[in-house]
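Asker:
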Amino acid sequence: MRKDCTGDASEIAILKFVESTVGNVKTTRSKNKKVAEIPFSSEIKYQVSVHEQESLFDHRYLVVMKGAPEKVLERCTSVMIDGEVEPIDDDFLYMFNVAYDNFGGLGERVFGFAHSYLPVDKFPEGYEFNSEEPNFPLDSFCFVGMMSMLDPPRAAVPDAVSKCRSAGIKIIMVTGDHPTTAKAIAKNVGIISDGNDTAEDIANRLFISIDQVNKYEVKACVVNGDQLQSMDQHELDDILKHYPEIVFARISPQLKLIIVEGCQRLGSIVAVTGDGLNDSPALKKADIGIAMGIAGSDVSKEAADIILLDDNFASIVTGVEEGRLIFDNLKKSILYTLTSNIPELAPFTIFIILNIPLPLGTIPMLCIAVTNLFPAISLAYESPENDIMERKPRNESHDQLVNSRLISLSYSMRGVIQTFGAFLCYFIVLGDNGFWPSKLIGLRSRWDDINVNNLEDSYGSEWNYFQRKELEYTVHTAFFTSIVVSQWGDLLVSKTRHLSLFQHGMSNWFLNLGLLFETAMTCFLQYTPGLNTGLNLRPISFVYWLPTLPFACLIIFLDEIRKLHIRRFPEGWLKKETYY
2 MRKDCTGDAS EIAILKFVES TVGNVKTTRS KNKKVAEIPF SSEIKYQVSV
52 HEQESLFDHR YLVVMKGAPE KVLERCTSVM IDGEVEPIDD DFLYMFNVAY
102 DNFGGLGERV FGFAHSYLPV DKFPEGYEFN SEEPNFPLDS FCFVGMMSML
152 DPPRAAVPDA VSKCRSAGIK IIMVTGDHPT TAKAIAKNVG IISDGNDTAE
202 DIANRLFISI DQVNKYEVKA CVVNGDQLQS MDQHELDDIL KHYPEIVFAR
252 ISPQLKLIIV EGCQRLGSIV AVTGDGLNDS PALKKADIGI AMGIAGSDVS
302 KEAADIILLD DNFASIVTGV EEGRLIFDNL KKSILYTLTS NIPELAPFTI
352 FIILNIPLPL GTIPMLCIAV TNLFPAISLA YESPENDIME RKPRNESHDQ
402 LVNSRLISLS YSMRGVIQTF GAFLCYFIVL GDNGFWPSKL IGLRSRWDDI
452 NVNNLEDSYG SEWNYFQRKE LEYTVHTAFF TSIVVSQWGD LLVSKTRHLS
502 LFQHGMSNWF LNLGLLFETA MTCFLQYTPG LNTGLNLRPI SFVYWLPTLP
552 FACLIIFLDE IRKLHIRRFP EGWLKKETYY
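According to this note's numbering, the sequence shown holds residues 2 to 581 in order.
1. May I ask you to list the residues that DSSP assigns as paired with K470?
2. Out of N131, I186, D198, N455, state which residue places its alpha-carbon closest to the alpha-carbon of L107.
3. Could you give the C-beta distance for C368 and L526, rounded to a whole number, given that I count them as a contact under 8 Å?
4. Look up E246 in the DSSP assignment and say whether it is helix, strand or coil.
5. Rounded to the nearest angstrom, what separates G609 and S43 at their Cα positions?
6. Does DSSP classify Y460 as helix, strand or coil?
7. Comparing C-alpha positions only, which one of K577, L550, P551, F552 sits nearest to R563?
8. According to DSSP, is E323 helix, strand or coil?
9. Mark W448 as exposed unless 16 or more other C-beta atoms lie within 10 angstroms of its C-beta, in which case mark it buried.
10. Any idea what DSSP makes of L615, helix, strand or coil?
11. With a 10 Å radius around its C-beta and 16 neighbouring C-beta atoms as the bar for buried, classify I211 as buried or exposed.
12. Considering just the uninterrupted stretch of the beta strand (DSSP E) at P88, what are its terminal residues?
13. In this structure, does DSSP put L63 in helix, strand or coil?
14. Between the C-alpha atoms of P40 and D152, what's the straight-line distance to the nearest angstrom?
15. On the DSSP bridge list, what partners appear for K35?
16. Are the Cβ atoms of V73 and F18 separated by less than 8 Å?
17. State whether the stretch 422–434 contacts the stretch 341–360, with contact taken as three or more CB pairs (one from each stretch) at a distance under 8 Å.
18. Can you find the residues in the same chain that come closer than 6 Å, C-beta to C-beta, to F518, ignoring five residues on each side of it along the sequence?
19. Buried or exposed: which applies to W464, given that a residue is buried once 16 or more other Cβ atoms fall within 10 Å of its Cβ?
20. Tell whether a beta-carbon distance below 8 Å holds between R498 and Y412.
21. Apply the 10 Å Cβ neighbour rule to Q488 and answer buried if 16 or more other Cβ atoms are within range, or exposed otherwise.
22. Using CA coordinates, which residue listed in A69, I317, T338 is at the minimum distance from T181?
23. Tell me the residue span of the beta strand (DSSP E) that contains S379.
24. Rounded to whole angstroms, what's the CA-CA distance from A157 to M81? Just pull it up for me.
25. Would you say S56 and K35 are within 8 Å of each other, going by their C-beta atoms?
26. Can I556 and G490 be called in contact, C-beta distance under 8 Å?
27. Do Y474 and V453 have their C-beta atoms closer together than 8 Å?
28. By how many angstroms is the C-alpha of N373 removed from the C-alpha of L547?
29. Work out the CA separation of F543 and P348 for me, nearest whole Å.
30. Here's a check: name, in chain order, each residue in its chain whose Cβ is nearer than 7 Å to the Cβ of G320, leaving out the five neighbours to either side.
31. Measure how close the beta-carbons of I289 and D312 come, nearest whole angstrom, since I'm counting them as under 8 Å.
32. What does DSSP give as the partner residues of C554 in its beta bridges?
33. Is it right to say L310 is buried, meaning 16 or more other beta carbons lie within 10 angstroms of its own, or is it exposed?
34. Helix, strand or coil for V224? Go by DSSP, reduced to three states.
35. With A100 and M66 assumed to form a contact (beta carbons below 8 Å), what rounded beta-carbon distance in angstroms separates them?
36. On the DSSP bridge assignment, give the partners of Y47 in chain order.
If you want it as structure tokens, here you go:
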């Protein structure tokens with residue numbers, strides 16, 4: 002059957018099967034007019050329709066039922082075998098259960114079918130049927146058969162489930178399917194792992210009763226809706242806490258809401274997928290409601306926080322990975338940006354405390370923000386580290402975007418190293434021009450006094466006010482340049498939180514260009530005639546770029562040692578205190 006069909010996948014499968022075996026469905030429908038219908042719902046788990054018959058001699062109404070086989074069978078008193086109606090007996094019930102379990106064990110969705118005829122004397126032609134409060138019998142049906150169909154999971158789902166598990170995300174399968182079918186599907190896609198048996202599996206393997214199974218050996222659990230309905234809150238909590246792999250089968254939307262509330266009660270962040278009208282309470286209750294974009298109803302889409310455009314579970318996992326990557330890269334960008342705050346603030350602190358000539362002017366300090374701009378943005382394009390889907394979900398109350406570990410790493414380690422490098426450059430420039438460090442302490446008042454034109458340096462040479470200001474602007478430029486050079490090292494180590502820089506590589510060309518940008522911008526600001534004068538910068542010798550290079554290398558070296566220790570000792574003190 003190559004006809005294009007829209008609607009429920011199970012209904013499409015039945016339609017195509019009937020078309021290929023019985024004949025044209027439209028013709029059959031036109032000859033057996035539908036006069037009433039009870040639509041399928043998750044509460045009753047069956048659908049009923051009443052039809053006029055095409056026979057000119059038989060004026061009885063035909064009632065047909067379709068739904069969950071066990072629910073349909075509950076309303077049957079007879080069964081049709083080889084065209085003959087026979088009463089339901091124990092032999093048939095045994096065959097029914099064997100066939101049902103076999104189909105379900107293959108992961109196939111199974112429907113049961115039944116029919117009955119309404120007596121003409123009680124239901125004459127033109128009888129007004131009431132579907133909301135049925136005024137016709139819904140029992141004493143004749144069971145006519147079962148139909149199974151395979152709804153295979155998408156090829157990417159098992160891998161997506163595996164990624165979720167490695168990422169510390171617990172997947173709970175909640176379905177309206179029969180428990181046997183649900184368990185088979187869960188095993189096919191990896192929700193129940195190989196080797197993780199349910200209590201029933203262990204009991205069958207050891208030929209013991211379920212009560213004799215050691216509960217500590219059970220790692221997977223299949224709970225049907227009737228069992229869940231009879232549980233109290235503590236029993237549900239115990240299941241959610243004890244079993245790492247859980248499947249809920251024959252679950253109604255109301256029970257789905259109870260499961261969501263149970264998970265949230267245990268402190269979990271809960272994401273729920275759904276597509277039906279009745280899924281909307283659970284979608285709204287969940288921390289993250291995800292509606293299906295193709296098969297989802299309008300109500301479910303309104304209730305959800307996210308709409309999955311391709312209805313593919315693997316896309317959710319991709320979204321988790323992208324979310325973690327964005328969070329990682331924001332942290333990296335913030336860390337890189339914060340680091341330069343210390344070498345920007347330290348000059349003013351030392352200037353006030355020791356009364357030395359000002360190491361860094363206000364305008365050059367603002368220029369640092371300009372040179373940091375492109376590199377900070379480029380970290381947003383950093384590719385994920387290979388452990389991004391192997392980490393446990395972060396604790397939202399402790400692992401904030403900016404936490405104490407990030408601030409400590411940026412300020413107390415990297416920022417301090419940059420500050421020492423910048424002050425070394427400051428003292429070198431002043432020393433080359435005759436002002437040794439010992440001469441600088443307490444010099445500020447005379448240095449800034451416009452009336453002092455005979456200030457002696459360490460060699461006895463006199464400096465007037467304008468000469469001192471020219472030297473001061475040169476010092477500002479050197480201090481500014483040294484911060485930029487040390488930011489090279491800071492940018493490179495900010496590329497990763499866990500991996501070595503040499504493992505991760507330099508594939509982010511935005512960042513590579515960012516390195517060139519901040520270097521070129523630094524040169525442009527200090528070497529462009531007129532512009533440098535306006536910014537109180539002066540062109541400096543290339544020699545003054547070099548003193549800070551060892552400090553940039555030191556930042557890289559120390560951070561590589563830190564990350565190596567974190568990788569080797571994932572539960573160690575260094576990770577707890579510095580892994581941001």
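Note that the Cβ used here is the ideal one computed from N, Cα and C, for glycine as well.
Answerer: To lay it out plainly:
1. Reading the sequence shown from its first residue, position 469 is the one you call residue 470. Paired residue(s): none; K470 is not in a bridge.
2. Position 106 of the sequence shown, counted from the first residue, corresponds to residue 107. Residue I186 is the option with its Cα nearest to L107.
3. Along the sequence shown, one-based indexing puts residue 368 at 367. Along the sequence shown, one-based indexing puts residue 526 at 525. Right, their Cβ atoms sit about 6 Å apart.
4. Taking the first residue of the sequence shown as 1, we reach residue 246 at position 245. Note: E246 maps to strand in three-state DSSP.
5. Nothing can be reported for residue 609: it is not among the residues displayed for the chain, which extend from 2 to 581.
6. Position 459 of the sequence shown holds residue 460. In this structure, Y460 counts as coil in the three-state DSSP scheme.
7. One-based indexing of the sequence shown puts residue 563 at position 562. Ranking the options by Cα distance to R563, first place goes to K577.
8. As a working mapping, residue 323 is identified with position 322 in the sequence shown. E323: helix per DSSP, three-state reduction.
9. Stepping through the sequence shown from its first residue, residue 448 is reached at position 447. Result: buried.
10. Residue 615 is absent from the model: the chain starts at 2 and stops at 581.
11. Residue numbering aside, residue 211 sits at position 210 when the sequence shown is read from its first letter. The residue in question, I211, is exposed, as its Cβ has fewer than 16 Cβ neighbours within 10 Å.
12. For this step, residue 88 is matched to residue 87 along the sequence shown. Start and end: 85–88.
13. In the sequence shown, the residue the question calls residue 63 occupies position 62. Reduced to three states, the DSSP call for L63 is strand.
14. One-based indexing of the sequence shown puts residue 40 at position 39. One-based indexing of the sequence shown puts residue 152 at position 151. Answer to the nearest angstrom: the Cα atoms are 22 Å apart.
15. For the purposes of this step, residue 35 is taken as the residue at position 34 of the sequence shown. Beta-bridge pairing links K35 to H52.
16. Looking up residue 73 in the sequence shown gives position 72. Looking up residue 18 in the sequence shown gives position 17. Their beta carbons are not under 8 Å apart, which means V73 does not touch F18 by this criterion.
17. yes
18. As a first step, residue 518 must be located in the sequence shown, where it is residue number 517. Counting only Cβ-Cβ distances below 6 Å, and skipping sequence neighbours, we find F375.
19. Within the sequence shown, numbered from 1, the residue matching residue 464 stands at position 463. Answer is buried; the Cβ neighbour count reaches 16.
20. Locating residue 498 in the sequence shown gives position 497, counting from the first residue. Locating residue 412 in the sequence shown gives position 411, counting from the first residue. Taking 8 Å as the Cβ cut-off, R498 and Y412 do not qualify as a contacting pair.
21. Residue mapping note: residue 488 aligns to position 487 of the sequence shown, counting from 1. By the neighbour-count rule (16 or more Cβ atoms within 10 Å), Q488 is buried.
22. Here the question's residue 181 lines up with position 180 in the sequence shown. Residue A69 is the option with its Cα nearest to T181.
23. To locate residue 379, count along the sequence shown from 1; it is residue 378. Element bounds for S379: not the beta strand (DSSP E) but the alpha helix (DSSP H), 363–379.
24. Locating residue 157 in the sequence shown gives position 156, counting from the first residue. Locating residue 81 in the sequence shown gives position 80, counting from the first residue. Roughly 42 Å between the two C-alpha positions.
25. As a first step, residue 56 must be located in the sequence shown, where it is residue number 55. As a first step, residue 35 must be located in the sequence shown, where it is residue number 34. No, they are not a contact pair.
26. Start at 1 with the first residue of the sequence shown, and residue 556 comes out as number 555. Start at 1 with the first residue of the sequence shown, and residue 490 comes out as number 489. A contact, by the Cβ cut-off of 8 Å.
27. Here residue 474 is taken as the residue at index 473 of the sequence shown, counted from 1. Here residue 453 is taken as the residue at index 452 of the sequence shown, counted from 1. For Y474 and V453, no; Cβs fall outside 8 Å.
28. Taking the sequence shown and counting its residues from 1, the one referred to as residue 547 is at position 546. Taking the sequence shown and counting its residues from 1, the one referred to as residue 373 is at position 372. Cα-Cα distance, rounded: 20 Å.
29. Counting from one through the sequence shown, the residue named residue 348 turns up at place 347. Counting from one through the sequence shown, the residue named residue 543 turns up at place 542. Roughly 22 Å separates the two Cα atoms.
30. Numbered from 1 along the sequence shown, position 319 holds the residue referred to as residue 320. Taken in chain order, the list of residues that qualify is empty.
31. In the sequence shown, residue 289 corresponds to position 288, counting from 1. In the sequence shown, residue 312 corresponds to position 311, counting from 1. The pair is not a contact, with the Cβ atoms about 16 Å apart (cut-off 8 Å).
32. Position 553 of the sequence shown, counted from the first residue, corresponds to residue 554. According to DSSP, which records beta bridges pairwise, C554 is partnered with nothing at all.
33. Here residue 310 is taken as the residue at index 309 of the sequence shown, counted from 1. Under this definition L310 is an exposed residue.
34. Taking the first residue of the sequence shown as 1, we reach residue 224 at position 223. Looking at V224 - three-state DSSP - the assignment turns out to be strand.
35. Reading the sequence shown from its first residue, position 99 is the one you call residue 100. Reading the sequence shown from its first residue, position 65 is the one you call residue 66. Not confirmed; about 18 Å, so no contact.
36. Stepping through the sequence shown from its first residue, residue 47 is reached at position 46. Answer is G68, bridged to Y47.
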